[in-house]
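Chains as they are written, first to last, in my numbering: chain A, 33 to 245; chain B, 65 to 296.
Even for Gly, the Cβ is constructed at its ideal location relative to N, Cα and C.
Notes follow once the structure below has been shown.
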């Protein structure tokens, strides 16, 4: 009895070691490429909302971690675009916590004058066919932010049309665009208030990642 | 020998199809089939895992004691799924993003452990791999059929997003069957998947009945085969 248990335990352990080795090996040969893919994706998204010719710094490295309740309850990142050290725009990640189906992660690019340079949805779980129109692949809706400006804190135009604002909602889905509009507005307010501080800070978001690599 | 392979193919593709007869792996089946491309991606990943796990299980069967076979099969399957996930993350990033959480769910696809337990652990490598191929193809075909029905009814397109799987040239594959102003939601959401799945199973049974009527006297071949009835 005891011998068979010992034998089985050894066989099981052997299989566990072999399987882990195989997974570890595949992880080792793919990890650089996965990191590259993720970086590539972020760079493509950044380039689509802040035109590459507008800045000449490395926007991927020039970024700041934001832990501020004014922006979002979770940690966010700001990517800063400068042209020969003059601030041009910032792309800030944010989370809209009140989507129809959980969090919606957004990337909001704001020009230094406070106008929106572009908005993209990074991640969401909204209803396919209704709320997923916040993806640019499905609908051009997110482009309607481009060029808009928040006039003052009580700017009532920054809402969906149903609430008297200037952004369309979707047929059958109001909660999703409402959450996105609110998050973009919050980000803009944060940027307007803190932009001087953002651009004077030293880049601090790549430290951990480089250690990992 | 040839007959054995024929029988395996017939079992995997039609008679004992993991998707519409054994009803294994319903979770990924229903969740992912909203478009043909997603269905194809998950189907190919499942096919790959099924062949590899069947072959491996068959190779190691001599060294695996009966009492601990299930944990070992699970280990093998989980290892292959993780590898597939990492490889897709590295080489087909767009598709990896749209299949999202459903890739790890291949581990819970009972078709795979079902085949490992019922067939691969008792048969030589060649037959086991072939069984994996046929069962995988059977599952893939069901996924694609369901994906096509749901995509046509839901979005009016076919092969939308093929470039995520096959590269940029494939964006030309997209066919707009007809145009909607708003999508037919039922087809895209999970309830639609259940309903259309029901129709596919009904159609399969109907065809089986027709075939049985045409050859009423043919005797069922006597095959020893364990029907696995895990829930998925």
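Which ranges does the beta strand (DSSP E) cover as unbroken runs of at least 3 residues, wholly within the stretch 175-204 of chain B, from first to last along the chain? Listed in chain order, there is nothing to give.
So residue 195 of chain B packs on residue 76 of chain B, CB below 8 Å; how close in whole Å? Stepping through the second chain from its first residue, residue 195 of chain B is reached at position 131. Stepping through the second chain from its first residue, residue 76 of chain B is reached at position 12. Contact flag correct, Cβ pair sits at about 7 Å.
So residue 226 of chain B contacts chain A; which residues on that side make the cut at Cβ distance below 8 Å? Counting from one through the second chain, the residue named residue 226 of chain B turns up at place 162. Simply none; closest approach about 13 Å.
Is there a Cβ of chain A sitting closer than 8 Å to that of residue 235 of chain B, yes or no? Taking the first residue of the second chain as 1, we reach residue 235 of chain B at position 171. No, no contact with chain A.
Skipping 5 residues on each side, what residues in its chain have a beta carbon closer than 8 Å to that of residue 93 of chain A? Here the question's residue 93 of chain A lines up with position 61 in the first chain. Excluding residues within five positions, the ones whose Cβ falls inside 8 Å are 235, 238.
Length at least 4, wholly inside the stretch 74-157 of chain B: the alpha helix (DSSP H) runs in chain order: Counting only runs of 4 or more, we get 90-96, 100-124, 133-155.
Got a sec, what are the start and stop residues for the alpha helix (DSSP H) residue 124 of chain A sits in? Counted from its first residue, the first chain places residue 124 of chain A at position 92. Careful: residue 124 of chain A lies outside any alpha helix (DSSP H), inside the beta strand (DSSP E) at 118-131.
Rounded to the nearest angstrom, what separates residue 108 of chain A and residue 98 of chain A at their Cα positions? As a first step, residue 108 of chain A must be located in the first chain, where it is residue number 76. As a first step, residue 98 of chain A must be located in the first chain, where it is residue number 66. A direct Cα-Cα distance of roughly 5 Å separates residue 108 of chain A from residue 98 of chain A.
Given a cut-off of 8 Å on the beta-carbon distance, is the pair residue 251 of chain B and residue 238 of chain B in contact? Numbered from its first residue, the second chain carries residue 251 of chain B at position 187. Numbered from its first residue, the second chain carries residue 238 of chain B at position 174. Not in contact: residue 251 of chain B and residue 238 of chain B (Cβ atoms no closer than 8 Å).
Would you report the Cα separation of residue 69 of chain B and residue 222 of chain B, rounded to the nearest angstrom? Your numbering for residue 69 of chain B matches position 5 in the second chain. Your numbering for residue 222 of chain B matches position 158 in the second chain. Their Cα atoms are separated by approximately 33 Å.
Under 8 Å, with one C-beta from each stretch per pair, do the stretch 117-136 of chain A and the stretch 144-151 of chain A reach the 3-pair mark? Three or more Cβ pairs drawn from the stretch 117-136 of chain A and the stretch 144-151 of chain A lie within less than 8 Å of each other, which places the two stretches in contact.
Start and end of the alpha helix (DSSP H) containing residue 148 of chain A? The residue labelled residue 148 of chain A in the question sits at position 116 within the first chain. It is not in any alpha helix (DSSP H) - residue 148 of chain A instead sits in the beta strand (DSSP E) that spans 148-155.
One or two residues paired with residue 222 of chain B in a DSSP bridge: If you number the second chain from 1, residue 222 of chain B lands on position 158. The partner list for residue 222 of chain B (beta bridge, DSSP) reads B/239.
DSSP puts residue 140 of chain A in a beta bridge; with which residues? Residue 140 of chain A sits at position 108 when you count from the first residue of the first chain. Answer is A/124, A/151.
Measure the C-alpha to C-alpha separation of residue 152 of chain B and residue 229 of chain B and round it to an integer number of angstroms. One-based indexing of the second chain puts residue 152 of chain B at position 88. One-based indexing of the second chain puts residue 229 of chain B at position 165. Taken atom to atom, the span from the alpha-carbon of residue 152 of chain B to that of residue 229 of chain B is near 10 Å.
Using the three-state DSSP reduction, which class does residue 98 of chain A fall into: helix, strand or coil? Mapped onto the first chain, residue 98 of chain A falls at position 66. Residue 98 of chain A carries a strand assignment under DSSP once its states are collapsed to helix, strand and coil.
For residue 44 of chain A, return the contacting residues in chain B, with the cut-off set at a CB-CB distance below 9 Å. The count along the first chain starts at 1 and reaches residue 44 of chain A at position 12. Ordered by position in chain B, the residues that pass the 9 Å Cβ test against residue 44 of chain A are 132, 135, 136, 139.
Can you check whether the CB of residue 211 of chain A is closer than 8 Å to the CB of residue 131 of chain A? As a first step, residue 131 of chain A must be located in the first chain, where it is residue number 99. As a first step, residue 211 of chain A must be located in the first chain, where it is residue number 179. It is a contact, given that the beta carbons lie within the stated cut-off.
Could you give the distance in angstroms between the alpha-carbon of residue 78 of chain A and the alpha-carbon of residue 227 of chain A? Locating residue 78 of chain A in the first chain gives position 46, counting from the first residue. Locating residue 227 of chain A in the first chain gives position 195, counting from the first residue. So the two alpha carbons sit approximately 18 Å from each other.
Taking a cut of 9 Å between CB atoms, which residues from the stretch 64-91 of chain A lie near chain B? The residues in question are 64, 65, 66, 68, 69, 70, 72, 73.
Spell out whether any CB of chain A is found under 8 Å from the CB atom of residue 67 of chain B. Your numbering for residue 67 of chain B matches position 3 in the second chain. When Cβ-Cβ separations below 8 Å define contact, residue 67 of chain B makes no contact with chain A.
What residues in the stretch 140-172 of chain B have a beta carbon less than 8 Å from any beta carbon of chain A? Against chain A - using a Cβ distance shorter than 8 Å - the residues of the stretch 140-172 of chain B are 140, 142, 143, 146, 147, 150, 151, 153, 154, 155, 157.
Would you report the Cα separation of residue 134 of chain B and residue 95 of chain B, rounded to the nearest angstrom? As a working mapping, residue 134 of chain B is identified with position 70 in the second chain. As a working mapping, residue 95 of chain B is identified with position 31 in the second chain. Those two C-alpha atoms are separated by around 26 Å.
Could you tell me the alpha carbon to alpha carbon distance between residue 163 of chain A and residue 270 of chain B, rounded to whole angstroms? Counting from 1 along the first chain, the entry for residue 163 of chain A is found at position 131. Counting from 1 along the second chain, the entry for residue 270 of chain B is found at position 206. Approximately 39 Å between the Cα atoms of the pair.
Are the C-beta of residue 122 of chain B and some C-beta of chain A separated by less than 8 Å? One-based indexing of the second chain puts residue 122 of chain B at position 58. No, residue 122 of chain B lies away from the interface with chain A (no Cβ there is under 8 Å from its Cβ).
Buried or exposed: which applies to residue 130 of chain B, given that a residue is buried once 16 or more other Cβ atoms fall within 10 Å of its Cβ? Within the second chain, residue 130 of chain B is the residue found at index 66, counting from 1. With fewer than 16 Cβ atoms within 10 Å of its Cβ, residue 130 of chain B is classed as exposed.
Use the C-beta contact count for residue 100 of chain A: other C-beta atoms within 10 angstroms, 16 or more gives buried, fewer gives exposed. Within the first chain, the letter at position 68 stands for residue 100 of chain A. With fewer than 16 other CB atoms across the displayed protein chains lying within 10 angstroms of its CB, residue 100 of chain A is exposed.
Would you decide whether residue 136 of chain B is buried or exposed? Buried here means 16 or more other CB atoms lie within 10 Å of its CB. Walking along the second chain from the start, residue 136 of chain B turns up at place 72. Under this definition residue 136 of chain B is a buried residue.
If we ignore side chains and look at the alpha-carbon of each, how far apart do residue 111 of chain A and residue 233 of chain A end up? Sequence index remark: in the first chain, residue 111 of chain A carries index 79 (1-based). Sequence index remark: in the first chain, residue 233 of chain A carries index 201 (1-based). Straight-line Cα distance between these residues: approximately 12 Å.
Proximity of residue 185 of chain A and residue 158 of chain A at Cβ, strictly below 8 Å: The sequence position of residue 185 of chain A within the first chain is 153, counting from 1. The sequence position of residue 158 of chain A within the first chain is 126, counting from 1. When the beta-carbon positions are compared, residue 185 of chain A and residue 158 of chain A stay at least 8 Å from each other.
Local conformation of residue 245 of chain A per DSSP, three classes: Working through the first chain from its first residue, we reach residue 245 of chain A at position 213. Any reading at residue 245 of chain A must be qualified, since the residue scores a pLDDT of 34, below 50, and its modelled position is unreliable; no value is offered.
If you scan the stretch 45-100 of chain A from start to end, which runs of the beta strand (DSSP E) of 3 or more residues do you find wholly inside it? You should have 95-98.
Within 8 Å, strictly: CB atoms of residue 147 of chain B and residue 54 of chain A: In the second chain, counting from the first residue as 1, residue 147 of chain B sits at position 83. In the first chain, counting from the first residue as 1, residue 54 of chain A sits at position 22. Taking 8 Å as the Cβ cut-off, residue 147 of chain B and residue 54 of chain A qualify as a contacting pair.
Buried or exposed: where does residue 241 of chain A fall if 16 or more other Cβ atoms within 10 Å of its Cβ makes it buried? As a working note, residue 241 of chain A is residue 209 in the first chain. In this predicted model, residue 241 of chain A has a pLDDT of only 45, less than 50, meaning its place in the structure is not dependable; the value taken from the coordinates is given anyway. It counts as exposed.
Give the secondary structure of residue 34 of chain A by DSSP, where H, G and I count as helix, E and B as strand, and everything else as coil. By 1-based counting over the first chain, the position of residue 34 of chain A is 2. It is helical.
DSSP puts residue 112 of chain A in a beta bridge; with which residues? Start at 1 with the first residue of the first chain, and residue 112 of chain A comes out as number 80. Answer is A/122, bridged to residue 112 of chain A.
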